[in-house]
Amino acid sequence: AVCSASEMNNLNKPGVAPPPNIPKKRLGFTDVVVDSDDILRRHLLFMNPDSNSPCQTELSLSFQLAQNYLRAEGITPELRADESVQLGDVVFKPLAKPSGGYQKFDNRGFQLLLNYRAIDQHQLQRVTFSQILEGEIDPDLVKDRLVLIGISAPISTDYFSTPYSFR
1 AVCSASEMNN LNKPGVAPPP NIPKKRLGFT DVVVDSDDIL RRHLLFMNPD SNSPCQTELS
61 LSFQLAQNYL RAEGITPELR ADESVQLGDV VFKPLAKPSG GYQKFDNRGF QLLLNYRAID
121 QHQLQRVTFS QILEGEIDPD LVKDRLVLIG ISAPISTDYF STPYSFR
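Residue numbers (the working numbering): 1 to 167.
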């Protein structure tokens, strides 16, 4: 399940509480960091939410998903002395000030630069809730896979511009 942290000094971002009775280990935040030109180039893996925020998890949904997937492969995250995180043979270092084009920015939390890759849209399978209720989905489609359930309605405010948005 997801929630969203409030932002101090921003009345337009009061946060969103998680659904009731969800264990913290099954909860992730969906907050993102958008650059001053409204382009999403960074990703927030973990953070310390404000004590008054309705969302009190430190871990992003994406990090929770990755942890669950990698745990099944025998890989668990290790916080290193230099504040980097190691997952198996891969070490993730947080974006630090100054770094490339990021000279002055809000570097709270553990942020990474996103590595956008072109993907074949046929690799992603979307199904509707109606298709599930009607029994139109082959069970092998979801067997031993991560399944995300959400909305894709145009009214949703979770749409962000990326470096590829204006091509």
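A virtual CB, placed ideally from N, CA and C, is assigned to each residue, including glycine.
Only counting the same chain, and skipping five residues up and downstream in sequence, which positions put a Cβ closer than 6 angstroms to that of Gly-88?
Ile-75
Identify which residue in Glu-134, Ala-5 and Leu-146 has its Cα closest to the Cα of Thr-30.
For the set Glu-134, Ala-5 and Leu-146, the Cα lying nearest the Cα of Thr-30 is the one of Ala-5.
May I have the straight-line CA-CA distance separating Glu-134 from Arg-26, to the nearest angstrom?
28 angstroms
In the segment 57–138, which residue ranges form an unbroken alpha helix (DSSP H) of at least 4 residues, counting only runs that do not cross its ends?
61–72 and 129–133
Any idea which residues DSSP pairs Leu-44 with across the strands?
Gln-111
Best match in Asn-21, Asp-50, Asn-9 and Ser-36 for proximity to Gly-109 [C-alpha to C-alpha]
Asp-50
Do you know how far the Cα of Ile-151 is from the Cα of Met-8?
27 angstroms
Through-space distance from Arg-41 to Asp-35, alpha-carbon basis:
7 angstroms
Short of 7 angstroms in beta carbon distance, which residues of its chain neighbour Leu-113, apart from the five on each side in sequence? Order them along the chain.
Within its own chain, the residues whose Cβ lies closer than 7 angstroms to the Cβ of Leu-113, once the five positions on either side in sequence are excluded, are Arg-41, Arg-42 and Leu-95, listed in chain order.
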